[in-house]
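J.: Residue numbers (full-length UniProt numbering): 1 to 458.
Here's a structure for you.
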Ligand code: ADP
């Protein structure tokens, strides 16, 4: 069989063989941080297959820093006082894969353990695994797909940084939604991206131009929730590295300019049992099972509590603007892109709910975990789904709003009895602190907007 174009991951035995014959010389040993970034070390492959495959270590501040690697006070899990000790990074050998866009390189993802070999509760992979296990106890498997939207810019990251990230020039000059001609011009980035990810075992469906100049979307085939989150993190990393290799730059900021459309990460969700679509029921008008209705009722009712996990920065909330395809209301609708939740595949085996609230900056592990927890709550409490909303949901005054600011979402997270029950107080307190710090930093800094607005005229 010709396997050249088939997604593949490397078995540990394959890695040993390829290390011996010199195909692979470097192994990236990575964990996922709170921001969803890959963090870790580069091992010589010979060392990895001989010893480091068992475990390596990292400073425990990796799950307590902000984007700029500052060490905010106020975390219970670690601090200067506690000496910022180590965590164990335990490679998950089922995630070994080639990294075809780098020479001679493979990658493995790690679980993060404490000194007693217990999973660190606030580590994103552990947060998701906990909810997957709860769902498993109910006899279901979650299949998820997270869309990745992002903008490409013509200049290199280095040039943009040197220029203070001003005069940002998207790689194209006009809205390229579904455009084939415009996206042909971007194939120097997007074709290697699709092909390299495919060869790395990430089941890429395709890419398309999105609804703004320079905006792209990558779709990955739906998969079990943990795989989906792993794919998302690897794909986001790959996009950044491949764009950098091509001398252009990329941003996953949800709103890089107030006059431009924002970038999202919609999350498609369905539950399965023994390989059958548990959300489907042919006898229902829309093909939705009672299970799906309970799940969706839980998703919608608890959306304010978990919005932080879909929109974790100050900038994330700039995206929620009317008439931009980003939602503002926590209601559902049938194949209607103005609502927070859209029913897709009605009447088919592929019936699923798409949550449209998440921004391109979400951490896929935390986002999926929070939504699974909300859906499970709906199933356990047999919550009743309200009828779908119709028309332009932006103008539906009766529909509940998505929290409008990070401050608002942080209050909801902090006060969420439901999330405290299902994720644990330690996890909710940890991410509440993360959110508070982001807001404190924003509140402290004087922005360009304030200067331009008031310098002369105040
Ligand atoms: P759209 O045209 O709205 O982008 P697609 O049909 O391309 O919708 O599907 C969007 C995403 O939904 C894809 O990544 C696909 O893999 C995923 N998807 C399809 N079926 C399911 C399902 N049953 N459960 C979860 N995700 C699914």
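All C-beta atoms in this analysis are idealised placements derived from N, C-alpha and C, irrespective of residue type, glycine included.
None of the values given here were measured: they were computed from a predicted structure.
Among 377, 311, 207, which residue has its Cα nearest to the Cα of residue 385?
T.: For the purposes of this step, residue 385 is taken as residue 385 along the chain shown, with counting starting at 1. That would be 377, whose Cα lies nearest to the Cα of residue 385.
J.: Would you call the segment 329 to 349 and the segment 289 to 308 in contact, with 3 or more CB pairs under 8 Å?
T.: yes
J.: Is residue 218 closer than 9 Å to residue 191 when the C-beta atoms are compared?
T.: Translated into positions along the chain shown, residue 191 becomes position 191. Translated into positions along the chain shown, residue 218 becomes position 218. Taking 9 Å as the Cβ cut-off, residue 191 and residue 218 do not qualify as a contacting pair.
J.: Suppose only complete runs of 4+ residues qualify. What are the alpha helix (DSSP H) ranges in the segment 356 to 400, listed by chain order?
T.: 364 to 380
J.: Is the beta carbon of residue 359 sitting closer than 9 Å to the one on residue 283?
T.: Taking the chain shown and counting its residues from 1, one reaches residue 359 at position 359. Taking the chain shown and counting its residues from 1, one reaches residue 283 at position 283. No, Cβ-Cβ distance for residue 359 and residue 283 is not below 9 Å.
J.: Can you find a heavy atom of the ligand ADP that lies under 8 Å from the Cβ of residue 452?
T.: Within the chain shown, the letter at position 452 stands for residue 452. False, no ligand heavy atom lies under 8 Å from that Cβ.
J.: If contact is defined by three or more beta carbon pairs under 8 Å, each pair taking one atom from either stretch, is the segment 269 to 289 in contact with the segment 140 to 147?
T.: yes
J.: Is residue 268 near the ligand ADP - that is, is its Cβ less than 8 Å away from at least one heavy atom of it?
T.: What you label residue 268 is simply residue 268 of the chain shown in a count that begins at 1. Within the cutoff, so yes.
J.: Please work out which residues of its chain come closer than 8 Å, Cβ to Cβ, to residue 178, disregarding the five sequence neighbours upstream and downstream, and give them in chain order.
T.: Here residue 178 refers to the residue found at position 178 of the chain shown. Counting only Cβ-Cβ distances below 8 Å, and skipping sequence neighbours, we find 208, 209.
J.: Under the assumption that residue 122 contacts residue 79 (Cβ atoms under 8 Å), give the Cβ distance between them as a whole number of angstroms.
T.: Numbered from its first residue, the chain shown carries residue 122 at position 122. Numbered from its first residue, the chain shown carries residue 79 at position 79. Contact flag wrong, Cβ pair sits at about 14 Å.
J.: Within a Cβ cutoff of 7 Å, which residues of the same chain sit near residue 403, ignoring the five residues on either side of it in sequence?
T.: The residue you call residue 403 lines up with position 403 of the chain shown. Only 304, 307, 409, 412 meet the Cβ criterion.
J.: Flag this pair as yes or no: are the beta carbons of residue 460 and residue 107 separated by less than 9 Å?
T.: Residue 460 lies beyond the stretch modelled for the chain, which goes from 1 to 458, so this question has no answer here.
J.: Since residue 87 is in the beta strand (DSSP E), which residue starts that stretch and which ends it?
T.: Within the chain shown, numbered from 1, the residue matching residue 87 stands at position 87. Run containing residue 87: 86 to 91, per the beta strand (DSSP E) assignment.
J.: Note down, in chain order, each residue of its chain lying with its Cβ closer than 7 Å to the Cβ of residue 240, except the 5 sequence neighbours on either side.
T.: Taking the first residue of the chain shown as 1, we reach residue 240 at position 240. Result list for residue 240: 250, in chain order.
J.: Look up residue 78 in the DSSP assignment and say whether it is helix, strand or coil.
T.: Locating residue 78 in the chain shown gives position 78, where the first residue counts as 1. Of the three classes helix, strand and coil, the one that applies to residue 78 here is coil, per DSSP.
J.: Between which two residues does the alpha helix (DSSP H) harbouring residue 242 extend?
T.: Taking the chain shown and counting its residues from 1, one reaches residue 242 at position 242. Per DSSP, residue 242 belongs to the alpha helix (DSSP H) from 225 to 245.
J.: Should the segment 9 to 16 be called in touch with the segment 54 to 72, which here means at least 3 C-beta pairs below 8 Å?
T.: no
J.: Enumerate in chain order the residues of its own chain whose CB-to-CB distance from residue 347 is below 7 Å, with the five nearest sequence positions on each side excluded.
T.: Numbered from its first residue, the chain shown carries residue 347 at position 347. Cβ within range, chain order: 286, 287.
J.: Who does residue 111 pair with in a DSSP beta bridge?
T.: Your numbering for residue 111 matches position 111 in the chain shown. Residue 111 is bridged to 90.
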